[in-house]
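Quick note on the working numbering: the sequence shown kicks off at -8 and runs consecutively. Input: a single structure, listed below in structure tokens.
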Amino acid sequence: MTQDDGYHRVPMWKDVSLQDWEDWHWQLRNRITHVDQLRPWFPLTASEAEATSKTHGRLVMAIPPYWAALMDPQDPDCPIRRQSIPSAEEFDVREHDRLDPCGEDGDMPVPGLVHRYPDRVLFLVTEQCAMYCRHCTRRRLVGTTSRGLMSSANYEATFDYLRKHTEVRDVLISGGDPLMLTENRLEKILKSLREIPHIEFIRIGSRTPVTMPQRVTQEFCDLLKRYKPVWMSLHYCHPKEVTPRVKVAMDMLAESGVPLGSQTVLLRGINDDPATMKKLMHELLKVRVRPYYIYQCDPARGISHFRTSVESGVRILEQLRGHTTGYAVPTFVVDGPGGGGKIPVSPNYVVNYEDGVMTLRNYAGETFAYHEPDEVKSNGGQVVPIRNFEETTDDERASER
Ligand SMILES: *Cc1c(COP(=O)(O)O)cnc(C)c1O
């Protein structure tokens, strides 16, 4: 069941036993948190060297050996590396950057509980993660305990709130990363939630199965089974992340009856081209993970170097829908800065609307007239195109074929 992901080629782990390597506590204890652990085997770029020497006030670095062994020492653009090693660009704070880009702090009736949508809440249970993503939107909170929002002392206040708020039927457990908690603490959370009759849907948002798949133990799977149904939202950004070892973890979860979804952040230079994104979506389907959302990267402080245009996300969606399996097509969303919540942005397939006749284009760029029945003709006011198909260039249309 276990496998060697080639970590023996990394000098400092060449003598590590497979048993240690497969122990998630060992993985956590041996995370790379200091630049001196990288230097002997990993030539840093000037930008990385600068950032790692002055991370003061910035999100800390923590890289589990499993993830580190996937980083390419020879390639400064390696997607695994860029998501985990700080770079000097993180010190470049732009005018519209925000500490709390999604306005979560303003929607917290209890510290650590975000209640924004009518029927569901986001329950932040820890500040810790196995690996700290450089593009983290919650970097104001994670990797620190300074704000103490997510301590277990607040759990009781959260359960009280949820017991009173009978409109809440869906709880998303997130953080930080909930899989940093022990089974014991996770069980207390799941048990308390299951005891609240109106809560009918529970999911855990976690990236740990991707960055440190050793965490997905049989004990963890058994725990989820006891409180079934529990869904999981994973966070995958690049096809390189779907390794044979990760597949083992996905198999264990899927075979324990856990429905799996993935959220992907659109990241410049990492996954912002249609071919990479399509490959990622295909790799996910192969390991039974259903692509759920692609997120436009939030304007959190110091991550502009990861952000790209909203339009590039729309173009990626255009290259997926119809061109490949419908299950491989997630929803592209922009989180409305300051607290708007997730707002879908889609390619526009309505070319024209006049007197009950809708002109639609398909994925291949062919147009079709759809006639609405006379008695329910609409006036088309809600479907005015925001970007006409005619505005796409011949080159783009050619590349679609
Ligand atoms: C994303 C999010 C949710 C869950 O939204 P879904 O669209 O149901 O996945 C809930 N609360 C907050 C604050 C969120 O950001």
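Built from N, CA and C at the ideal position, the CB exists for glycine as well. If you're wondering where the values come from, they're calculated on a predicted model, not measured in any experiment.
- For M223, the enclosing beta strand (DSSP E) covers residues 221 to 226.
- Measuring C-alpha to C-alpha distances from V336 to each of S369, V324, K182 identifies V324 as the nearest.
- In terms of Cβ geometry, Q254 and Y284 form a close pair [threshold 8 Å].
- At a threshold of 7 Å, Y361 does not count as near ligand 1, since its beta carbon sits no closer than that to any of the ligand's heavy atoms.
- By DSSP's assignment, I164 forms a beta bridge with F114, I195.
- Sixteen is the threshold: since fewer than 16 other Cβ atoms of the shown chains lie within 10 Å of the Cβ of T173, the residue is exposed.
- Taken through DSSP and simplified to helix, strand or coil, G317 comes out as helix.
- K182 and E191 have their C-alpha atoms spaced approximately 13 Å apart.
- DSSP, reduced to helix, strand and coil, places N343 within a strand of the structure shown.
- Three or more beta-carbon pairs separated by less than 8 Å are not found between the stretch 142 to 156 and the stretch 198 to 215, which leaves the two stretches without contact.
- Under the criterion of beta carbons closer than 8 Å, M99 and T117 do not qualify as touching, at roughly 16 Å.
- Taking a C-beta distance under 8 Å as the contact criterion, S295 and R85 qualify as a contact pair.
- Around the Cβ of V301, a 10 Å sphere holds fewer than 16 other Cβ atoms; the residue is exposed.
- Straight-line measurement puts the Cα of E158 at about 7 Å from the Cα of P109.
- In chain order, E174, L177, E178, L181 place their CB closer than 8 Å to the CB of L214, counting only its own chain and leaving out the 5 sequence neighbours on each side.
- Relative to ligand 1, C93 has its C-beta within less than 7 Å of a heavy atom.
- S183: member of the alpha helix (DSSP H) spanning 174 to 185, first to last residue.
- Between the alpha carbons of G196 and N343 lies a gap of roughly 40 Å.
- Rounded to the nearest angstrom, the gap between the Cα atoms of G304 and S8 is 43 Å.
- Secondary-structure assignment with DSSP links R352 through a beta bridge to T358.
- The beta carbons of P77 and A53 sit no closer together than 8 Å.
- Residue pairing by DSSP places R89 opposite A291 in a beta bridge.
- Relative to the non-hydrogen atoms of ligand 1, the Cβ of Y152 never comes closer than 7 Å to any of them.
- Closest in C-alpha terms to I71, from the list R22, H87, P230, V112, comes P230.
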